[in-house]
Amino acid sequence: MIILPIVLSIGLLLYSISIFLYLYRILKGPTTSDKVVALDSIGMNLVAIVALLSMLLDTSAYLDVILLIALLAFIGTVSFAKFIEKGKVIERERDN
Numbered sequence: 001m002i003i004l005p006i007v008l009s010i011g012l013l014l015y016s017i018s019i020f021l022y023l024y025r026i027l028k029g030p031t032t033s034d035k036v037v038a039l040d041s042i043g044m045n046l047v048a049i050v051a052l053l054s055m056l057l058d059t060s061a062y063l064d065v066i067l068l069i070a071l072l073a074f075i076g077t078v079s080f081a082k083f084i085e086k087g088k089v090i091e092r093e094r095d096n
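full-length UniProt numbering puts the sequence shown at residues 1 to 96.
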């Protein structure tokens, strides 16, 4: 199977290029929502890159890293969405 490493390398290259395109969207995005979607997409592309790298190196050691990146990307997206909606991420209500 000599073709599999070539296909995985091409996939890594394409995902890396798409991350740079999303970085451009973050810098030049007209709205905050566009920037949040680009950040979320970068997180998912990082998950795909680590998965492809794990397949290329033929190891399962990176599966925990994939889970961690996906979890952080999800929490970041939810936090940004809450900030856009309410203006605060953490609400501190005290009854005094």
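Where a beta carbon is used, it is the ideal one built from N, C-alpha and C, also for glycine.
Hey, residue i and residue j: beta-carbon distance below 8 Å or not?
{"i": "residue 70", "j": "residue 36", "result": "no"}
{"i": "residue 54", "j": "residue 63", "result": "yes"}
{"i": "residue 44", "j": "residue 81", "result": "no"}
{"i": "residue 11", "j": "residue 39", "result": "no"}
{"i": "residue 42", "j": "residue 19", "result": "yes"}
If you follow the alpha helix (DSSP H) that residue i is in, where does it begin and where does it stop?
{"i": "residue 28", "result": "3-28"}
Report the three-state DSSP secondary structure of residue i (helix, strand or coil).
{"i": "residue 91", "result": "coil"}
Whole-angstrom Cβ separation of residue i and residue j, contact assumed at under 8 Å?
{"i": "residue 15", "j": "residue 49", "result": "5 Å"}
{"i": "residue 56", "j": "residue 8", "result": "5 Å"}
4 or more residues per run - each alpha helix (DSSP H) lying fully within the region 32-70: 32-57
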